[in-house]
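Here's the structure we're looking at; comments come further down.
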Amino acid sequence: MITVIALPLLWICVIAHAQETTCSADDETCSDIGVGASTAKRKIPTGFLNLSPYRADIHYDDGWFGQYVATMETNGETVHLDTFFGDRFFVTRHGVREGLVDPATDEQYFFTVDPSLEQNDGENNGVQFVLPSHAAPSKTKCKDRYPVCAKEAKRGECTANPGWMIVNCCESCELKEGFGHLLDSKVRCTRERLNATIPAWKEGSLDDLFTKWASDNQYVPYHPRVISSPGKILGAEHDGPWIMVFDSFLDDDEINALLKGASFGAGFQRSTDQGSVISGSGEKEKVISTHRTSSNAWCRQECEELEGVKRVSSRIEKFTGIPQNNYESFQILKYQVGEYYKSHHDSSSNKDNSVSGHRILTFFLYLNDVLEGGHTHFTRLDISVKPKKGRALVWPSVLNEDPSTPDLRMYHEARPVTKGIKFAANHWIHQYDSKNENLWGCSGSFA
Ligand SMILES: *[C@@H]1O[C@H](CO)[C@@H](O)[C@H](O)[C@H]1NC(C)=O
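In terms of mature numbering (1 follows the signal peptide of the UniProt record, and there is no 0), the sequence shown is residues -18 to -1, 1 to 429.
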């Protein structure tokens, strides 16, 4: 879909805080990190050296699924962290949660910062851990990556959250639900299995929809305007593919709900791209985007429950007649001065064999007035749309005659903001159901 270049993540010094917990005797998944010995509170410099051929991520073992702290390159440089005695760390292949193991024992590497490992030779004070040269992903494909897996499977997570669990807790999900064979994404991720067989659009649906928006009186209160249409029909400014705006699509409550929802969960993060698939389970590496400098937040869970957010999604469903199961969660975007998103297509530029198929339609919502810049510019059509609070900009990414073929005229960019700040949100609408695709871990994202 998009070519990406992985940038080395620079981590200089990360302090992993020991968490004070007390564990009940029968809880094998709980660890007494930082409790007990008086040395537990002492800060200790710790070096991690990677001799394996794999770029590796270090995670602080919180007794749960761990917390990412740093990435180890394979160039012989030591990653320095300030840790506390009693802290435990584990390593995974970079960008995914696939553990690196000792091939002799098939055991994942865990490093515990223990006082007996401390060196005081003047130069290398502290504790030094080495990931040996033979460390590698396990040959056992169906494996638990975390001690907590058994407990999570027991409380029903393999069915509640199957994609993530099958990939991360395969062994436990096989025992509990017989899901082991589903680790293979070719088995788990088919349209038939995921009930994603009914396309939203057939030939002609696209023209019908935009024609209705541009001509039916029921849409007048939303202030529709045709920017571009085939044959320049219905008052368009340009002859070309359909592009429309609704100038009064959102009210202030809805805008405030989307902005508030952006701070839930992980909040705004520097935008990333999906890298290539690195394992049979279908996991893809997440890489910091180089052609996109914005930040984005995903509106999920509590954000999706907000009244104002629900209203917007329902309105889009009513406008399009396409069920919300075909939408990706709202992506909320923030562009500060100088930030941009270079020319790109919202779908892939060839046939799309993913479960949810092409992104057929984009609903792009401007959440504020930008002082200067931040236009959406269709680079191949030379059409620019100015951000305006409450405005929806809508365009298709596929052809009217054949919705399984991308429309290569729809490349667009977010021009840099030159004054002020830009907030926006978008729903990407797919040709097929994408809810099941996400639930079953078939979109490459296991966040
Ligand atoms: C697909 O639909 C069938 C019938 O409604 C249902 O039993 C099955 O659980 C669905 N599959 C998924 C993955 O949701």
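Just so it is clear, CB atoms sit at the ideal spot from N, CA and C, and this is done for glycine as well.
Query, Result
"Endpoints, alpha helix (DSSP H) assigned at D234", "D234 to G243"
"Alpha-carbon to alpha-carbon, D233 and V294", "9 angstroms"
"CB of K401 within 7 angstroms of CB of L353, strictly", "yes"
"Secondary structure, beta strand (DSSP E): runs of 3+ residues fully inside the stretch 347 to 422", "358 to 360, 365 to 367, 374 to 378, 394 to 396, 399 to 401 and 404 to 412"
"Closer than 6 angstroms: N418 CB and nearest ligand 1 heavy atom", "yes"
"For K123, three-class secondary structure by DSSP", "coil"
"P223 burial status per 10 Å Cβ neighbour count (16 or more: buried)", "buried"
"Residue from Q49, A86 and R37 whose Cα sits closest to the Cα of R75", "R37"
"N143 to R252 span [Cα, whole Å]", "26 angstroms"
"Close beta carbons around N350, own chain, < 6 angstroms, minus the five adjacent residues each side", "K371 and F405"
"Short Cβ contact (7 angstroms threshold) for C152 with C124", "yes"
"Beta bridge counterpart(s) of L63 as assigned by DSSP", "T28"
"Proximity of R70 and T94 at Cβ, strictly below 7 angstroms", "yes"
"Check: N177 C-beta below 6 angstroms from any heavy atom of ligand 1", "yes"
"Start-to-end residues for the alpha helix (DSSP H) that takes in W195", "S187 to S197"
"Beta-bridge partners of P206, as assigned by DSSP", "F228"
"Start-to-end residues for the alpha helix (DSSP H) that takes in L157", "C152 to E159"
"Counted within 10 angstroms of its Cβ, other Cβ atoms place P206 as buried (16 or more) or exposed", "buried"
"Residues bridged to Y50 [DSSP beta-bridge criterion]", "H41"
"Y323 - partner residues in DSSP beta bridges", "R274 and A396"
"Candidates V367, G138 and Q49: closest to L347 by CA position", "V367"
"First and last residue of the uninterrupted beta strand (DSSP E) at K316", "Q313 to Y317"
"Alpha-carbon to alpha-carbon, E289 and F246", "15 angstroms"
"Three-way DSSP call (helix, strand, coil) for Q110 in this model", "strand"
"Nearest neighbour of G243, chosen from P119, F360, E287 and G339 [CA to CA]", "E287"
"C-beta contact flag for G339 and V399 at 7 angstroms", "no"
"Where E174 falls, given that 16 or more other Cβ within 10 Å makes a residue buried", "exposed"
"Where E10 sits in the DSSP three-state scheme", "Note that E10 scores 38 on pLDDT, short of 50, meaning its location in the model is unreliable; the coordinates nonetheless yield the value given after this. If DSSP states are grouped into helix, strand and coil, E10 belongs with coil."
"Neighbourhood of A135 by C-beta distance below 8 angstroms, restricted to the same chain and skipping five residues each side", "M147, C151, S154, C155, L157, K158 and E159"
"Close-in-space but distant-in-sequence residues of the same chain around K121 (CB under 8 angstroms, 5 per side omitted)", "P85 and D88"
"Rounded separation between Q306 and E80 - CA only", "32 angstroms"
"The stretch 97 to 117 touching the stretch 381 to 397, judged by at least three CB pairs closer than 8 angstroms", "no"
"According to DSSP, residues forming a beta bridge with V73", "I40"
"Classification of N335 by the beta-carbon crowding that lies within 10 angstroms, buried from 16 upward", "exposed"
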